Amino acid sequence: MLAAVDSGRAYVKYVGPNGVAGKFPAWIHPYYETELDVLSGREDMAVEYNGQRWYIGEVVDRVVDAGGRQQKQPQKGTQNTVLFILAALWKMGAHDCDPIQLVTGLPMPLYKDEKTRNMLKQALEGTHTIRVTTGEGEDTRTLLIDELHFAAEGAGAFYSRPANALGHFLDVGSRTIHAHVFKNKRFHAGLSFSCAWGFDSLKENHKNPDYVARQIDGEISSKWGRDAEIWVAGGVAHEVAAALQRLGYENVTAIPDSQMANAYGLFKMLQVAKGG
Ligand SMILES: Nc1ncnc2c1ncn2[C@@H]1O[C@H](COP(=O)(O)OP(=O)(O)OP(=O)(O)O)[C@@H](O)[C@H]1O
Ligand SMILES: [Mg+2]
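Each residue of the sequence shown is one higher than the one before, counting from 220 in the numbering used here.
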């Protein structure tokens with residue numbers, strides 16, 4: 220089975236064969252017994268792996284104590300990333316011992332970091348038995364990850380929507396913004412950059428699309444120009460695209476299903492690489 224997981228710091232997004240696609244909040248909290256059952260529906264998960272157990276997804280909102288903050292994923296390439304990816308594969312319906320070819324995105328600095336790659340390869344390649352409890356019951360499955368591939372995160376958006384000769388792609392995430400340019404389908408390093416902040420890193424009074432658009436404008440107005448063909452991906456793509464239009468960018472469009480764009484692009488890249 221081919222599988223793509225974009226393990227974002229706000230949402231985990233996944234795409235598999237036959238139109239399988241979805242997302243869940245990248246929230247995780249150690250499991251504890253509650254007085255009343257908190258798992259409802261298939262969205263709430265308690266995941267047991269290697270003798271430890273966690274709540275993952277929407278349900279975390281209902282198990283953190285009053286003083287506890289929602290444990291959003293602060294970094295990528297960590298143990299949490301491994302758990303989110305396994306949970307995503309389970310949700311995608313990976314069968315027992317069906318070999319999985321997996322691609323996952325890493326933000327630029329981590330994409331080139333051998334330590335992160337090795338850690339994830341060691342942790343993910345091979346067999347994993349997970350026990351998942353949802354509001355609908357319990358399921359134990361052995362997932363077999365045959366191959367793990369990495370892709371540069373922002374590039375996924377490009378592959379979801381190949382553009383004309385010169386395409387500019389913005390991926391506005393919760394902690395990162397990728398601004399990648401592709402010229403004749405090749406990455407253009409000189410015109411591309413990433414920002415180490417995203418929508419959730421901003422102070423409350425700056426947490427609005429117009430502020431984000433002004434910051435992006437400061438970076439791209441001279442580099443790209445206001446008539447550049449720009450495609451926007453990420454959870455707040457539509458709002459940011461509209462704000463950029465208000466600043467005079469005429470050729471900016473939010474990619475349809477923009478939050479899933481990276482995951483769809485990663486899946487497409489994998490399909491092409493595997494000749495499917
Ligand atoms: N349903 C929603 N309602 C409100 N805000 C949302 C929703 N979905 C996403 N967002 C906002 O969009 C932002 C970006 O979401 P996205 O899924 O692109 O982030 P991410 O990929 O998890 O982050 P990163 O790429 O930085 O790791 C989030 O910070 C969140 O605040
Ligand atoms: Mg993202």
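Glycine residues also receive a C-beta, built at the ideal position from the N, C-alpha and C atoms.
Given the structure is predicted, the values throughout are model-derived calculations rather than measurements.
Going by beta carbon distance, what residues of the same chain come within less than 8 Å of residue i, once the five residues before and after it are set aside?
| i | result |
| --- | --- |
| P428 | V455, E458, V459, A461 and A462 |
| Q320 | M220, L221, A222, D365, E366, H368, L489 and K493 |
| A432 | V459, A462, L463, R465 and L466 |
Regarding residue i and ligand 2, is the C-beta to nearest heavy atom distance less than 6 Å?
| i | result |
| --- | --- |
| G227 | yes |
| G409 | no |
| G392 | yes |
According to DSSP, which residues form a beta bridge with residue i?
| i | result |
| --- | --- |
| G345 | I364 |
| R350 | E267 and T359 |
| I439 | Per DSSP, none; premise fails for I439. |
| V224 | Y233 and T323 |
| W450 | F388 and T472 |
| I275 | I247 and M264 |
| A240 | V234 |
If you drop the 5 nearest sequence neighbours on each side, which residues of the same chain put their C-beta closer than 7 Å to that of residue i?
| i | result |
| --- | --- |
| I468 | Residue 468 is actually Tyr in this sequence, not Ile. These residues qualify, in order along the chain: R445 and I449. |
| D358 | V351 |
| L302 | I247, V266, Y268, W273 and I275 |
| P236 | M220 and L221 |
| K218 | Given a span of 220 to 495 for the chain in the structure shown, any question on residue 218 remains unanswerable. |
I believe residue i touches residue j by the beta-carbon criterion, under 8 Å. Please report the beta-carbon distance rounded to the nearest angstrom.
| i | j | result |
| --- | --- | --- |
| F388 | F377 | 5 Å |
| L258 | T353 | 6 Å |
| L485 | G345 | That pair is no contact at about 21 Å. |
Only counting the same chain, and skipping five residues up and downstream in sequence, which positions put a Cβ closer than 6 Å to that of residue i?
| i | result |
| --- | --- |
| D436 | L466 |
| P318 | L363 and D365 |
| S393 | R228, A229, G417, F418 and D419 |
Tell me whether residue i counts as near ligand 3, meaning its Cβ is closer than 6 Å to at least one heavy atom of that ligand.
| i | result |
| --- | --- |
| T395 | With respect to ligand 3, the structure shown offers nothing to examine, as its ligands consist of ligand 1 and ligand 2. |
May I ask whether a heavy atom of ligand 1 can be found less than 6 Å away from the beta carbon of residue i?
| i | result |
| --- | --- |
| Q464 | no |
| Q341 | no |
| F418 | yes |
| Q478 | yes |
| V234 | no |
| G373 | no |
| Y230 | yes |
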